[in-house]
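S.K.:
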Amino acid sequence: MLLNQNFLLSIEFENDYQGLSELETHHLTFDLRTGRQLSLADFVAYPPAELGRRFDAAIGRRLRDELANVVATYGGLRNH
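Letter 16 of the sequence shown, counting from 1, is numbered 23 in our numbering, and no numbers are missing.
1. What number of angstroms, rounded off, separates the C-alpha of ALA65 from the C-alpha of GLY42?
2. Runs of 4 residues minimum, wholly inside the segment 37–85: which ones carry the alpha helix (DSSP H) assignment?
3. Chain B beta carbons: is any one of them nearer than 7 Å to that of ALA52?
4. Below 6 Å CB to CB, which residues in the same chain sit around LEU30 once its five sequence neighbours on both sides are set aside?
5. What number of angstroms, rounded off, separates the C-alpha of PHE71 from the C-alpha of LEU58?
6. Determine the direct distance from the alpha carbon of ASP49 to that of ARG61, and round the result to whole angstroms.
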């Protein structure tokens, strides 16, 4: 159980397919007032395409910041 508060129940479970090394992890969240299974769209105000753009932008910013940190720490690329 990941969460059980404010009428939300969120669980995680894994399928191991009789000991095979590739596990599948699943997450389910339910509204305990209605019994309805909730989806990401129930929690996020943006439509999927907009959410994807926002994730891409955030990942790009993070990558740019990390690369700037590498350059600041180790210096720029040098021709040998």
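Every residue gets a Cβ at the ideal spot worked out from N, C-alpha and C, and that includes glycine.
M.R.: In brief:
1. Mapped onto the sequence shown, residue 65 falls at position 58. Mapped onto the sequence shown, residue 42 falls at position 35. Their backbone Cα atoms lie some 34 Å apart in a straight line.
2. 55–81
3. Among the chains in the structure shown there is no chain B, since it carries only a single protein chain.
4. Taking the sequence shown and counting its residues from 1, the one referred to as residue 30 is at position 23. Within the same chain, LEU30 has close Cβ partners GLU21, ASP23.
5. Counted from its first residue, the sequence shown places residue 71 at position 64. Counted from its first residue, the sequence shown places residue 58 at position 51. Phe is not the amino acid found at residue 71; the sequence shown has Arg there. If you draw a straight line from the Cα of ARG71 to the Cα of LEU58, it comes to about 20 Å.
6. Here residue 61 refers to the residue found at position 54 of the sequence shown. Here residue 49 refers to the residue found at position 42 of the sequence shown. Their Cα atoms are separated by approximately 17 Å.
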